Amino acid sequence: MTTTTPMTSSQLTGTDQLSGAARTPSATTGQTSRRRIRKDVLRSRIAAWTAVVVIGCFGLLPVYWLLATALSTPESTFQFPPKLIPTDLTLSNFTALAENDQLIKYLVNSMIVATITAVLSVVVATYMGYSFSKFRYRGRRSLMHMVLASQMFPQALLLVTLYAVFSSFGLLNTYTALVLSFTTFTMPLCVWMLKGIFDTIPDALLEAASIDGASRWRTLHSIVAPLAAPGMIAAGLFAFVRGWNDFIFAVTLADKEKQTLPPGLVSTYIGEFQTAWPELMAASLVVSVPVVVAFMFLQRYLVGGMTAGSVK
Amino acid sequence: MSTAAPPRKVAPPRERTGGRLSNGAFALLLTAPGLALFAAIIIYPLISALFTGFFKQDLRLPGREFVGLENFTYWLDGDFLTILKQTLIFTVGATIVPFVIGFALALALNTGLKGSGFMRGLFLFPWVIPGVVVSFLWMWIFNANYGVLNGVLMKAGLIEDSVSWLGQPGTAMLAVIITKTWASFPWMMVMLLAGLQTVPKELHEAASMDGAGSIRRFFNVTWPQVRGVASIVLLLEFIWNFQHFDTIYVLTGGGPAGSTETFATAVYQTAFKGFDIGRATALGGLWMLLLLVLVVVYLRITERKGDAR
Numbered sequence: 001m002t003t004t005t006p007m008t009s010s011q012l013t014g015t016d017q018l019s020g021a022a023r024t025p026s027a028t029t030g031q032t033s034r035r036r037i038r039k040d041v042l043r044s045r046i047a048a049w050t051a052v053v054v055i056g057c058f059g060l061l062p063v064y065w066l067l068a069t070a071l072s073t074p075e076s077t078f079q080f081p082p083k084l085i086p087t088d089l090t091l092s093n094f095t096a097l098a099e100n101d102q103l104i105k106y107l108v109n110s111m112i113v114a115t116i117t118a119v120l121s122v123v124v125a126t127y128m129g130y131s132f133s134k135f136r137y138r139g140r141r142s143l144m145h146m147v148l149a150s151q152m153f154p155q156a157l158l159l160v161t162l163y164a165v166f167s168s169f170g171l172l173n174t175y176t177a178l179v180l181s182f183t184t185f186t187m188p189l190c191v192w193m194l195k196g197i198f199d200t201i202p203d204a205l206l207e208a209a210s211i212d213g214a215s216r217w218r219t220l221h222s223i224v225a226p227l228a229a230p231g232m233i234a235a236g237l238f239a240f241v242r243g244w245n246d247f248i249f250a251v252t253l254a255d256k257e258k259q260t261l262p263p264g265l266v267s268t269y270i271g272e273f274q275t276a277w278p279e280l281m282a283a284s285l286v287v288s289v290p291v292v293v294a295f296m297f298l299q300r301y302l303v304g305g306m307t308a309g310s311v312k
Numbered sequence: 001m002s003t004a005a006p007p008r009k010v011a012p013p014r015e016r017t018g019g020r021l022s023n024g025a026f027a028l029l030l031t032a033p034g035l036a037l038f039a040a041i042i043i044y045p046l047i048s049a050l051f052t053g054f055f056k057q058d059l060r061l062p063g064r065e066f067v068g069l070e071n072f073t074y075w076l077d078g079d080f081l082t083i084l085k086q087t088l089i090f091t092v093g094a095t096i097v098p099f100v101i102g103f104a105l106a107l108a109l110n111t112g113l114k115g116s117g118f119m120r121g122l123f124l125f126p127w128v129i130p131g132v133v134v135s136f137l138w139m140w141i142f143n144a145n146y147g148v149l150n151g152v153l154m155k156a157g158l159i160e161d162s163v164s165w166l167g168q169p170g171t172a173m174l175a176v177i178i179t180k181t182w183a184s185f186p187w188m189m190v191m192l193l194a195g196l197q198t199v200p201k202e203l204h205e206a207a208s209m210d211g212a213g214s215i216r217r218f219f220n221v222t223w224p225q226v227r228g229v230a231s232i233v234l235l236l237e238f239i240w241n242f243q244h245f246d247t248i249y250v251l252t253g254g255g256p257a258g259s260t261e262t263f264a265t266a267v268y269q270t271a272f273k274g275f276d277i278g279r280a281t282a283l284g285g286l287w288m289l290l291l292l293v294l295v296v297v298y299l300r301i302t303e304r305k306g307d308a309r
């Protein structure tokens, strides 16, 4: 960053002076301003590429290092200074993962918990989002604000009391505790996403259905839901990813039996004295795969989903 | 994975009864399952947290004893200001730095470089991968003995001895901010790029024809158009960072010597390492008051934008 900013600004000032010259009456012919624009374009291209390259180094070199370490042998990892281009490539870190039963268990737990979280969040949020989108009633605004605000309350604090609540109901170390705690942040997200999707379905369609004699339940289940299905799947994928990625709730509310992959990786690899970095990096890649795949499907909803409940 | 199937298309026999409810009652009925869940897992725990702050209570044991404001004064007379200061340093740093980087990248990609769509996707990677993975990766990069950062800096002759980035108070906060920056600048970039793309190209061309230089075009054409998105993005990121937990917890756990202790790690450690749930929720209550101010500001802004029709 530090290298781009001064460069760009000096270029910008240069352009500014030039435009000052261009503003003198004799120079404002079409030709000069066209040439000036071409120069402008060239300058902004250079500035743009500089920014992309510098930020690219910051953004992507760590990713390269993640890959390189995952493919290295343990011996070469504990060399200093590190080899920037690994020569002894190996897949053994990945095969070691497949043979680790405890990790497979974490993986299965993650799958189960994230899937149930997604389904529960979407079902509940569909009704709520539909209500917010298509009906006008007293208290609606306050409810919507409550849902929105709930996303912003401190999770660490919520966790402390959730722990006490789950403990008194004997729910610690269960899938239920994980699903419910994940729902605290996936449900608001889904409500806002789905409200946005229902907003795009024209009211006229609902009126037509009502004139044709369909009840309100039937309208929702047989007419609106199929139309909103792609959006519901997207919301479900977002919820799945958020549940899959969670660390703080999973590490606290579940033990080794029911824990999900993110905290599972910590307990498996982060040793007090020595960490198995190549295996940890390989495992990290494996955890990231479902998320990356989900986001490839979600490209279209990306901005909408990321801003769900914030801006449209 | 597409388990999020739409609700079954059942047409139960009692379908007709739906027609007897007024529209308002029907709408409220739709929100009922959600509200029940909300009440059980968010509202009740948060309210009970506010009360617990006035009690002396061990997380592992039943029973508690009313102690009035003792838990609050414990913090206010003690570490509160230090924790607030460190939380603010983290929050401001981890909001401003990714904003600047994300904005620069958005501006660059918006000039229509070849392959900017592809690059946008590529740059999203740090944001998409799980937060724990981000923490592991940077923990490895910052590693004092074998880390690549030390290796590169030494090769470049910038440092002579290995630096223990996460292990000393002077650099730990910086390292944590860099890590969080890496994970969140792509989100800033996507949001700002979406904002920038609403600026009509013709406006730029017209301004350019009229002799406006790049700086002037930025402040007179671009900025007014993205100001709305920029303020929302900054505020949201600020709110999120103010309660961020994962990165700090995995990288430093609040240490070394408390130098990266924020509200989130302090509340967590007090409750789950010290088992003192009264003190933890007291600090949490103070923290929530501060957050509440931010959330109200945020709701006001979205309200004004007419989003919550």
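In order, the protein sequence lines correspond to chains A and B. Residue numbers 1 to 312, in full-length UniProt numbering, belong to the letters of the first sequence in order. Residue numbers 1 to 309, in full-length UniProt numbering, belong to the letters of the second sequence in order. Note that beta-carbon positions come from the ideal geometry of N, C-alpha and C, so glycine has one too. These figures come from a predicted structure and were not determined experimentally.
Taking just the CA atoms, how far does valine 287(A) sit from tyrosine 106(A)?
10 Å
Would DSSP call lysine 56(B) helix, strand or coil?
strand
Assuming leucine 192(B) and alanine 230(B) make a contact with CB atoms under 8 Å, what is their CB distance in whole Å?
7 Å
Proximity winner among Ile197(A), Tyr163(A) and Ala156(A), relative to phenylalanine 132(A) (alpha-carbon distances)
Ile197(A)
Figure out for me which residue from Ala48(A), Phe185(A), Asp246(A) and Phe153(A) has the closest Cα to the Cα of leucine 50(B).
Phe153(A)
Residues of chain A with CB closer than 7 Å to the CB of isoleucine 89(B), please, in chain order.
Those do not exist, as isoleucine 89(B) stays about 18 Å from chain A at its closest Cβ, beyond 7 Å.
So what's phenylalanine 142(B) in DSSP terms, helix, strand or just coil?
coil
Give me the chain B residues within the contact set of proline 202(A), using Cβ-Cβ distance strictly less than 7 Å, ordered along the chain.
Those within 7 Å of proline 202(A) in chain B number zero; the least Cβ separation is about 15 Å.
If we cut at 7 Å on Cβ distances, does asparagine 93(A) have a partner in chain B?
no
Could you name each continuous alpha helix (DSSP H) segment of 4 residues or more that falls completely within the segment 214 to 252 of chain B, going from the start of the chain to the end?
As far as the segment 214 to 252 of chain B is concerned, its whole alpha helix (DSSP H) runs of at least 4 residues are 214 to 217, 223 to 242 and 246 to 251.
Tell me, to the nearest whole angstrom, how far the beta carbon of isoleucine 41(B) is from that of threonine 161(A); I am working on the premise that it is less than 8 Å.
Not a contact, Cβ separation roughly 10 Å.
Using the Cβ count rule (16 or more neighbours within 10 Å means buried), how would you classify tryptophan 65(A)?
buried
Excluding five sequence neighbours on each side, which residues of the same chain lie with their C-beta closer than 8 Å to the C-beta of serine 222(A)?
Ala214
Among Asn93(A), His145(A), Lys83(A) and Ile248(A), which has the Cα closest to the Cα of arginine 300(B)?
His145(A)
Distance, Cα to Cα, methionine 154(B) vs phenylalanine 123(B)?
28 Å
Please report the distance separating the alpha-carbon of isoleucine 55(A) from that of threonine 111(B).
Isoleucine 55(A) and threonine 111(B): Cα-Cα distance of roughly 16 Å.
Per the DSSP calculation, aspartate 276(B) is bridged to which residue(s)?
Answer is Asp58(B), bridged to aspartate 276(B).
Measure from the alpha carbon of isoleucine 116(A) to the alpha carbon of each residue in Pro202(A), Gly59(A) and Thr176(A), then state which is nearest.
Sorting Pro202(A), Gly59(A) and Thr176(A) by C-alpha distance to the C-alpha of isoleucine 116(A) places Thr176(A) at the top.
Would DSSP call arginine 300(B) helix, strand or coil?
helix
Using CA coordinates, which residue listed in His204(B), Gly285(B), Gly274(B) and Thr302(B) is at the minimum distance from arginine 60(B)?
Gly274(B)
Cβ neighbour criterion (16 or more within 10 Å) applied to phenylalanine 297(A)
exposed
Stretch pair the segment 127 to 142 of chain A + the segment 165 to 180 of chain A: three plus CB contacts closer than 8 Å
no
Using 8 Å for Cβ pairs, my map puts serine 246(B) next to phenylalanine 247(A). What's the rounded Cβ distance?
Checking the displayed sequence, the identity of residue 246(B) turns out to be aspartate instead of serine. Yes, they are in contact, since the Cβ atoms of aspartate 246(B) and phenylalanine 247(A) sit about 5 Å apart, within 8 Å.
Classification of lysine 258(A) by the beta-carbon crowding that lies within 10 angstroms, buried from 16 upward
buried
What residues of chain B sit near tyrosine 137(A), judged by a beta carbon separation below 8 Å?
Listed along the chain, the chain B residues whose CB falls inside 8 Å of the CB of tyrosine 137(A) are Asn23, Gly24, Ala27 and Leu28.
Who are the near neighbours of leucine 97(A) in its chain, counting only those whose CB is closer than 8 Å to its CB and skipping five residues on each side?
Leu103, Glu279, Ala282, Ala283 and Val286
Check for me: the alpha helix (DSSP H) holding glycine 196(A) runs from which residue to which?
175 to 199
Could you tell me whether any Cβ in chain A is nearer than 7 Å to the Cβ of threonine 95(B)?
no
Please confirm whether tryptophan 192(A) has its beta-carbon closer than 7 Å to some beta-carbon of chain B.
no
Quick one: is phenylalanine 238(A) buried, meaning 16 or more other Cβ sit within 10 Å of its Cβ, or exposed?
Residue burial annotation: phenylalanine 238(A) is buried, with at least 16 other C-beta atoms found within 10 angstroms of its C-beta.
Using a Cβ-Cβ distance cut-off of 7 Å, determine whether valine 124(A) contacts chain B.
yes
Judging by CA-CA distance, which residue of Tyr301(A), Ala51(A) and Ser33(A) is the nearest neighbour of alanine 194(B)?
Tyr301(A)
So, helix, strand or coil for glutamate 207(A), using DSSP?
helix
Could you spell out the range, first to last residue, of the alpha helix (DSSP H) harbouring tryptophan 75(B)?
70 to 76
According to the Cβ coordinates, are leucine 289(B) and methionine 139(B) closer than 7 Å?
no
Is there a Cβ of chain B sitting closer than 7 Å to that of threonine 24(A), yes or no?
Its pLDDT being 47, under 50, threonine 24(A) is placed unreliably by the model, and nothing is read from it.
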